[in-house]
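In full-length UniProt numbering, the protein residues as written are 1 to 438. Heads up, the beta-carbon is just placed ideally off N, CA and C, and yes, glycines get one too. These notes concern the structure reproduced below.
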């Protein structure tokens, strides 16, 4: 009898233990993101949520190099390791049509998210297909490509005098792409180990595309017609050709060994006294105002991507939205987290922690714009951004761009027209393969 009672009590204990475990598990949410500072800020925000609700938030990270592969491996296996994912904007097509993301259209409409967040972030981080009013993510980390520069170099009286004598106008933050090029040339002094500019050149993911897009969009060019998938006469238009030539021209004034450079190298161009100006995502600028990571912090300034020759001013969009993974068993709890995240007070906390809010109201506030030396440029940029193709086959399109543009940019192979004509043919074939624009 004792043995039987003991076994019964043990069984009850096991059931209770399992029940507690299941309950505790229901009170945990896992968010998957790449390994970088904003993910740390999101974890801090998640800790605030846990204090308020008792629901534990774990932000699981992996290096950028395998972020996409790891995420889609889990998606394709219909795994529930992640309840939410902060996916790249280009993932929207694959995430939605592949059934990996929960449809958030009703959530969007109920909470008027389209009115809360900056229009560009709704368009590029949340909606797919474009213009469909179908939403698969909540804008989370706003980001775009901007510029940092050495204020002490720009403000040196001797440099200003020499620059005006050579170019006929004052040395200042570049007012257009021509000035960007002139300043890069002016400060290019290899004999002094001093160089004009640092740009994106890496061709392993989207660095080259993002860098080229900065020129393309500000030159009035486009990647194609996103509604019809037409690319002939668009990606290889006269404006696009001029933009690629302009971007290649900037490469002439970069530091040596700049053929595979991305965000790490472009920040080092400023911290190691290499370049007068450096392209980078705004998300990587916080370390440039930190004297512990940038000895030139006090002499580092920031500006938005300048206009092209016709006055167009745009920048390549970075950043991500947060989606609920369709295989998660905690979708209701994840929805509650998103409801909390979009609140004004949460968005202010997110911005204060260092996350790049997409809230239109916060972005427009003087408090936000004056909070850091780069926030005003960020605000200006986030209302003037454009993005890469967000279709499911975006990875193929990106690879084709890298395979065509890199040899011309870095190796000087062919001409800009030949490069973009070939890219247009590649993209036409890809869209035909997937039955688009037929």
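Whole-angstrom Cβ separation of residue i and residue j, contact assumed at under 8 Å?
i, j, result
"residue 181", "residue 249", "6 Å"
"residue 430", "residue 397", "6 Å"
"residue 300", "residue 404", "No, residue 300 and residue 404 are not in contact; Cβ-Cβ is about 34 Å, not under 8 Å."
"residue 287", "residue 294", "6 Å"
"residue 42", "residue 55", "Contact doesn't hold; Cβ gap of about 15 Å is too wide."
"residue 75", "residue 98", "7 Å"
"residue 79", "residue 327", "6 Å"
Which value, in whole angstroms, describes the spacing of the CA atoms of residue i and residue j?
i, j, result
"residue 432", "residue 388", "19 Å"
"residue 363", "residue 124", "17 Å"
"residue 21", "residue 366", "The predicted position of residue 21 is uncertain, since its pLDDT is 38 and thus under 50; no value can be drawn from it."
"residue 269", "residue 368", "27 Å"
"residue 5", "residue 104", "The predicted model places residue 5 with a pLDDT of 37, which falls under 50 and marks its position as unreliable; any figure quoted below should be read in that light. Those two C-alpha atoms are separated by around 51 Å."
"residue 25", "residue 57", "Because residue 25 carries a pLDDT of 49, less than 50, the predicted location of this residue cannot be relied on, and the following value inherits that uncertainty. Rounded to the nearest angstrom, the two C-alpha atoms are 11 Å apart."
"residue 283", "residue 38", "7 Å"
"residue 427", "residue 209", "14 Å"
"residue 163", "residue 147", "20 Å"
"residue 376", "residue 77", "43 Å"
"residue 23", "residue 88", "Low confidence applies to residue 23: its pLDDT is 40, below 50, so where it sits in the model is not reliable, and the reading given next is rough at best. For residue 23 and residue 88, the distance between alpha carbons rounds to 32 Å."
"residue 370", "residue 278", "22 Å"
"residue 142", "residue 386", "12 Å"
"residue 130", "residue 95", "14 Å"
"residue 111", "residue 155", "48 Å"
"residue 425", "residue 409", "19 Å"
"residue 298", "residue 128", "42 Å"
"residue 73", "residue 31", "16 Å"
"residue 192", "residue 69", "42 Å"
"residue 267", "residue 166", "29 Å"
"residue 232", "residue 378", "33 Å"
Would residue i and residue j be called neighbours here (beta carbons separated by less than 8 Å)?
i, j, result
"residue 302", "residue 200", "no"
"residue 120", "residue 317", "yes"
"residue 334", "residue 117", "no"
"residue 314", "residue 384", "yes"
"residue 93", "residue 391", "yes"
"residue 246", "residue 153", "no"
"residue 234", "residue 224", "yes"
"residue 135", "residue 144", "no"
"residue 312", "residue 237", "no"
"residue 86", "residue 33", "yes"
"residue 349", "residue 29", "no"
"residue 394", "residue 90", "yes"
"residue 305", "residue 372", "no"
"residue 171", "residue 178", "no"
"residue 437", "residue 230", "yes"
"residue 280", "residue 402", "no"
"residue 113", "residue 138", "yes"
"residue 196", "residue 213", "no"
State buried or exposed for residue i, treating a residue as buried only when at least 16 other CB atoms are found within 10 Å of its CB.
i, result
"residue 81", "exposed"
"residue 319", "buried"
"residue 347", "buried"
"residue 189", "exposed"
"residue 413", "exposed"
"residue 344", "exposed"
"residue 109", "exposed"
"residue 434", "exposed"
"residue 423", "buried"
"residue 106", "exposed"
"residue 133", "exposed"
"residue 416", "buried"
"residue 227", "exposed"
"residue 51", "exposed"
"residue 307", "buried"
"residue 332", "exposed"
"residue 351", "buried"
"residue 211", "buried"
Hey, out of the options, whose CA is closest to residue i's CA?
i, options, result
"residue 215", "236, 393, 243", "243"
"residue 100", "322, 342, 426", "322"
"residue 183", "192, 193, 169, 191", "169"
"residue 337", "37, 48, 164", "48"
"residue 61", "40, 45, 53, 342", "40"
"residue 361", "342, 177, 137", "342"
"residue 441", "131, 255, 289, 399", "Because the chain is modelled from 1 through 438, residue 441 falls outside the range shown and cannot be assessed."
"residue 254", "213, 194, 280", "194"
"residue 35", "52, 27, 64, 51", "64"
"residue 207", "265, 256, 192", "265"
"residue 158", "259, 31, 187, 378", "187"
"residue 27", "359, 352, 329", "329"
"residue 53", "197, 378, 340", "340"
"residue 291", "310, 309, 271", "271"
"residue 273", "359, 251, 198", "198"
"residue 374", "260, 285, 205", "285"
"residue 176", "358, 421, 400, 309", "309"
Please check if any C-beta of chain C sits within less than 8 Å of the C-beta of residue i.
i, result
"residue 41", "No chain C appears in this structure, which consists of one protein chain only."
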